[in-house]
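In the UniProt record's numbering, the protein residues as written are 1 to 345.
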Ligand SMILES: NC(=O)C1=CN([C@@H]2O[C@H](COP(=O)(O)OP(=O)(O)OC[C@H]3O[C@@H](n4cnc5c(N)ncnc54)[C@H](O)[C@@H]3O)[C@@H](O)[C@H]2O)C=CC1
Ligand SMILES: NCC(=O)COP(=O)(O)O
């Protein structure tokens, strides 16, 4: 017997209208049977999806729907919840008006998740420069979502950015910051907190009973005992010791240049890097089209493709929807794993 469709869909925010978000959303729906894409509801401007489908020559029936209707409709039509203003930007040509379209759709999609009407949030890429020029005060989705998870006492949970594929999972301890600021931002408490978040969410959402964390060093050769920088011994090693004392399987500081070949990868579940490109370069090189960005540390599940807006190919039909499809499937899996854990608890 075929497994029954989940009652609640995933909420897909359409992202930057001038980018490939609308293209890959349509392509993911068209691939629903062949690639077993879980039911989702697109949140944003229905006109944007209709126009992009016509441009790409896709016959995609769009149906305005409430989230409660989406899973049942999904086999025959792409459910859409209208949110935000109409998109004005043409493919590949972002304009200032895009920001409200992106941000209102994102907020509405997140509302579906936080109100329990959708199981997880999946986001198509936004252009950081477009939304920030319009006053968005966050570096990216990750930091915005953390702010939306603000606790009643006013504190904001620390998010962690996991880039995941079946080949490699990585988390940068510092995220969207200039490289020159990284040494000053790295503290033992930041690394301990990041390690705790990763260990907890890999257990409750990925079902790994005791995830193994490998901490990269900051400097070449992990500092070579202080000859090539002091942060590895002064900051990273005490963090690893503190996590081990809490029962978390942590190792490091490890030289980053030898951490990503197949034999090395067999020794850990997640590599924690000191800065964005240290770990996103190996992750995107090994699995650009299958990589997923998942936000850890927040009270809801959010995934996204690991790529950006790809303005150069938006509206051409050359976008590969695989990373979005992987993001949708991972979101479904994480929601199901968490639900099973909650039932058992
Ligand atoms: N989660 C998010 O919202 C993210 C947003 N961005 C934003 O995207 C914008 C562009 O960033 P870039 O660094 O140029 O990276 P990008 O990922 O948009 O593009 C890099 C190259 O990869 C190609 N590419 C990307 N996705 C593809 C796909 N699905 N199929 C085929 N080819 C694909 C593009 O055509 C381009 O040649 C920036 O404004 C950045 O802020 C970048 C990463 C994540
Ligand atoms: N390089 C990953 C990236 O920029 C994703 O950012 P976010 O929008 O998911 O915070």
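The C-beta atom is built at its ideal place from N, Cα and C for all residues, glycine as well.
Listed as beta-bridge partners of residue 305 by DSSP are 292. The nearest non-hydrogen atom of ligand 2 is 6 Å or more from the C-beta of residue 309. The bridge partners DSSP lists for residue 82 are 44. For the pair residue 119 and residue 225, the Cα-to-Cα distance works out to about 47 Å. At a Cβ-Cβ threshold of 7 Å, residue 274 and residue 218 count as neighbours. Leaving aside the five residues that flank residue 326 on each side, the residues in its chain whose CB is nearer than 6 Å to its CB run, in chain order, 290 and 292. Every residue whose beta carbon comes nearer than 6 Å to a heavy atom of ligand 2 appears here in chain order: 140, 141, 142, 280, 293 and 304. Within 6 Å of the C-beta of residue 128 there is at least one heavy atom belonging to ligand 1. Residue pairing from DSSP places residue 273 in a beta bridge opposite 172. Cβ contact annotation for residue 112 (same chain, cutoff 6 Å, sequence separation greater than five): 11, 67 and 118, in chain order. Shortest gap from the CB of residue 319 to any heavy atom of ligand 1: under 6 Å. Two segments are said to touch when three or more pairs of C-beta atoms, one from each, lie closer than 8 Å; by this definition the region 132-144 does not touch the region 229-240. Ligand 1 has no heavy atom closer than 6 Å to the beta-carbon of residue 301. When DSSP states are grouped into helix, strand and coil, residue 315 belongs to the coil group. Relative to ligand 1, residue 313 has its C-beta within less than 6 Å of a heavy atom. In this structure, DSSP gives residue 94 a state outside helix and strand, which the three-state scheme calls coil. Per DSSP, residue 191 is not a residue of any beta strand (DSSP E); the alpha helix (DSSP H) it occupies stretches across 188-204.
Scanning its chain for C-beta atoms nearer than 6 Å, with the 5 sequence neighbours on each side dropped, one finds around residue 334 the residues 205 and 301, in chain order.
The beta carbon of residue 211 sits no closer than 6 Å to any heavy atom of ligand 1.
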